[in-house]
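Participant: Starting off with a structure, shown below.
Numbering (the numbering used here), first residue to last: 15 to 142.
The structure is reproduced here in structure tokens:
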């Protein structure tokens, strides 16, 4: 079975993907550390945002949970129909640049992890 890329190229691509994933994690951590409160202030009309902030608090894990919840609300707002219907105008209160960066971090994480999975599959095939 012929591979599209050689084993050595897959090793280097894996290293590059690992470095990019690390940079992605650090930059998203800094972004949410700097802007979490401002984002929550803009989305304060959504009741679940306040509930999550009160429940999880300001610990490291609590901030990660609030970050993932805000990302889920922006990427797929219809997922919370049972708890609260979130109209589009409430999400549009968040400035466009915040919405862009939150979606960018979400989709880039999907792309990086997908690429890492494909590279791992190629490396599992072994050397030709």
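Every residue gets a Cβ at the ideal spot worked out from N, C-alpha and C, and that includes glycine.
Alpha carbon to alpha carbon, what distance is there between residue 38 and residue 116?
Facilitator: What you label residue 116 is simply residue 102 of the chain shown in a count that begins at 1. What you label residue 38 is simply residue 24 of the chain shown in a count that begins at 1. Each residue's Cα considered, the two are about 12 Å apart.
Participant: Using three-state DSSP, classify residue 139 as helix, strand or coil.
Facilitator: Sequence index remark: in the chain shown, residue 139 carries index 125 (1-based). Residue 139 falls in the coil class under three-state DSSP.
Participant: With 16 other CB atoms within 10 Å as the buried threshold, where does residue 111 fall?
Facilitator: To locate residue 111, count along the chain shown from 1; it is residue 97. By the neighbour-count rule (16 or more Cβ atoms within 10 Å), residue 111 is not buried but exposed.
Participant: Counting only the same chain and skipping the five closest in sequence on each side, list residues whose C-beta sits under 6 Å from that of residue 107.
Facilitator: The sequence position of residue 107 within the chain shown is 93, counting from 1. If we look at residue 107 and ignore the five residues flanking it on each side, its Cβ neighbours are 56.
Participant: Is there contact here, the stretch 40-51 with the stretch 70-85, by at least three beta-carbon pairs under 8 Å?
Facilitator: Judged by Cβ distances under 8 Å, the stretch 40-51 makes contact with the stretch 70-85, as three or more pairs qualify.
Participant: Give the DSSP-derived three-state secondary structure of residue 98 in the structure shown.
Facilitator: What you label residue 98 is simply residue 84 of the chain shown in a count that begins at 1. Residue 98 falls in the coil class under three-state DSSP.
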